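Structure first, commentary second.
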Amino acid sequence: MMNRNLVAALVDRDRIRKDGWRPGPDELDGAPLIDDYVWARDGDDPNVVVVIGVVAGSDGRVVATPALVEVDRESRQWVRTVTGWYRLGRPREESGR
């Protein structure tokens, strides 16, 4: 049996890809904001892409998201992972670090 989080993520991905749906305030208002981020391959599985960055409002510790399921390819404002939504702030090259 598939994990509920994964099923929900795949449903969202299909809605985005097939129907052109985009997440709105209900999905994104409570989502963590990641700044100073980069795209990376998961060390355990090079087929898995994650975002590594600093969650806004945290102690500045660098974190990696769970595996990405979908990416906002148009405006780079959000990603959908297997566990939920993340908002994207400034990528590392724009943040001056």
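When we follow the working numbering, the leftmost residue of the sequence shown carries the number 26, and every step to the right adds one.
Each residue gets a CB set at the ideal place from its N, CA and C atoms; glycine is no exception.
Note that this is a predicted model, so its numbers are computed, not measured.
Integer-rounded CB distance, given that residue j should sit under 8 Å from residue i
| i | j | result |
| --- | --- | --- |
| residue 91 | residue 107 | 5 Å |
| residue 112 | residue 56 | 5 Å |
| residue 79 | residue 64 | The pair is not a contact, with the Cβ atoms about 15 Å apart (cut-off 8 Å). |
Residue i classed as buried or exposed, judged by whether at least 16 other C-beta atoms fall within 10 angstroms
| i | result |
| --- | --- |
| residue 103 | buried |
| residue 26 | Residue placement at residue 26 is poorly supported in this model, since its pLDDT is 49, which falls under 50; the coordinates still yield a value, given next. Its Cβ having fewer than 16 others within 10 Å, residue 26 is exposed. |
| residue 61 | buried |
Nearest residue (CA-CA) to residue i, options the options
| i | options | result |
| --- | --- | --- |
| residue 81 | 39, 34, 114, 40 | 114 |
| residue 49 | 118, 116, 110 | 110 |
| residue 66 | 45, 89, 46 | 89 |
| residue 30 | 70, 45, 105 | 105 |
| residue 86 | 44, 59, 118, 72 | 59 |
Item to complete: Taking only runs that begin and end inside the region 36-103, name each unbroken beta strand (DSSP E) of 3 or more residues, in chain order.
Response: Within the region 36-103, the complete beta strand (DSSP E) runs of at least 3 residues are 58-66, 74-80, 87-89, 93-96.
Discussion item. Under 8 Å: do the region 34-49 and the region 92-101 share three or more Cβ pairs, one atom per stretch?
Written reply: Yes: the two stretches touch, three or more of their Cβ pairs being nearer than 8 Å.
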